[in-house]
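Numbering (our numbering), first residue to last: 94 to 394.
Positions of the beta carbon are idealized from the N, C-alpha and C atoms, including for glycine.
For reference, the structure is listed below as structure tokens.
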């Protein structure tokens, strides 16, 4: 039903598939399965944009009400399973869960008051799905305009709660200079501690390299020698002197202050990121509403 309502809103199978975080063929199969269950065509596929048939319009009205009742019931059940007191579930990527969330929650409690929180740490894709599937009230994620999180802007709103910078770091040499300095050379390619290219940080790193090369013609010479999805693993390898890694500044504050890691290149090799907190506007839980209004007022300053 959620797939169908997304299609009714977007009037495009490709756009609806993006909103639902599925492939277009997968969404199409789901809609046809729903039509078989209903026993009538719900979508007129003869033209563009896709429109609803009379049966589809009738089904849409009832589907919206049915989903509202289901979500309300689920919210009641989940509230019974939560921690005692004011408890919210926050989904976040591993890096944010380890480095940004603890001090942010500490500051939030100082200004907002007592708040019980359950953290759901996962990769970015799973965190988004947790929010979309109603498995959490809030979702914390990095954002860059060139690499946006695929969420329906009309249903999911956000507040920017912090800033971070993805920067190339490596172990210092004997005199404190970076052991591996960008851009390297053709004769001496730099050992790269890389992310999975499909991961968010992997795409961020590729964006940095593309922009740096396009802006100044600086060809980076890198030799991938290790790959992982988690920045904490790459940081460990960088501390061992195995290569350079693009790490969020928040994940390496202590190491930078102690001189255990140093920047491997200037500003052009870094990427500024927002830290956004997302919520589903359909979730009208009073506890969530009070916290959200507080956060919006606090971070609007």
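By the Cβ neighbour-count rule, residue 257 is buried, with 16 or more other Cβ atoms within 10 Å of its own.
When secondary structure is reduced to three states using DSSP, residue 348 falls in the helix class.
Looking at the DSSP output, residue 258 shares a beta bridge with 365. Looking at the DSSP output, residue 184 shares a beta bridge with 213 and 232.
Taking the Cα positions, residue 221 is about 7 Å away from residue 232. Using a C-beta cut-off of 8 Å, the segment 180-195 makes contact with the segment 224-231, since at least three inter-stretch Cβ pairs fall below that distance. Under DSSP, residue 244 forms no beta bridge with any residue. In this model, residue 107 and residue 241 are separated by some 17 Å (Cα to Cα). One Cα belongs to residue 315, the other to residue 342, and the distance between them is close to 21 Å. Under the three-pair Cβ rule at 8 Å, the segment 322-338 does not count as touching the segment 300-307. Annotation: the continuous alpha helix (DSSP H) that includes residue 109 extends over 106-112. Rounded to the nearest whole angstrom, the C-alpha separation of residue 193 and residue 252 is 15 Å. The three-state reading of DSSP puts residue 137 in strand, counting E and B together. For residue 245 against residue 112, the beta-carbon gap comes to about 5 Å, under 8 Å, which counts as contact.
Straight-line spacing of the CA atoms in residue 237 and residue 293 works out to 10 Å.
Look at residue 96 here: in three-state DSSP terms it is helix. C-alpha of residue 150 to C-alpha of residue 135: approximately 8 Å in a straight line. Taking all protein chains in view, the Cβ of residue 264 is crowded by 16 or more other Cβ atoms within 10 Å, so the residue is classified as buried.
Relative to residue 255, the option among 196, 216 and 279 whose CA is nearest is 196. For residue 94 against residue 170, the beta-carbon gap comes to about 19 Å, at or over 8 Å, which does not count as contact. When the alpha-carbon of residue 190 is set against those of 340, 250 and 216, the nearest one is in 216.
In the DSSP annotation of this structure, the continuous segment of the beta strand (DSSP E) that includes residue 316 starts and ends at 315-321. The C-beta separation of residue 336 from residue 273 comes to about 6 Å, placing the pair in contact by the 8 Å criterion. Taking C-alpha positions only, residue 117 is separated from residue 387 by approximately 38 Å. Taking a cut-off of 8 Å for Cβ pairs, the segment 197-211 and the segment 343-350 do not touch, as fewer than three such pairs fall below it. Residue 313 and residue 368 have their C-alpha atoms some 28 Å from each other.
A buried status is given to residue 385, since no fewer than 16 other beta-carbon atoms sit within 10 Å of its beta-carbon.
For residue 373 against residue 248, the beta-carbon gap comes to about 6 Å, under 8 Å, which counts as contact. With a beta-carbon spacing of about 7 Å, residue 320 and residue 288 fall inside the 8 Å limit used to define contacts.
Comparing alpha carbon positions, the residue from 334, 307 and 267 closest to residue 286 is 334. Between the C-alpha atoms of residue 205 and residue 224 there is a straight-line separation of about 23 Å.
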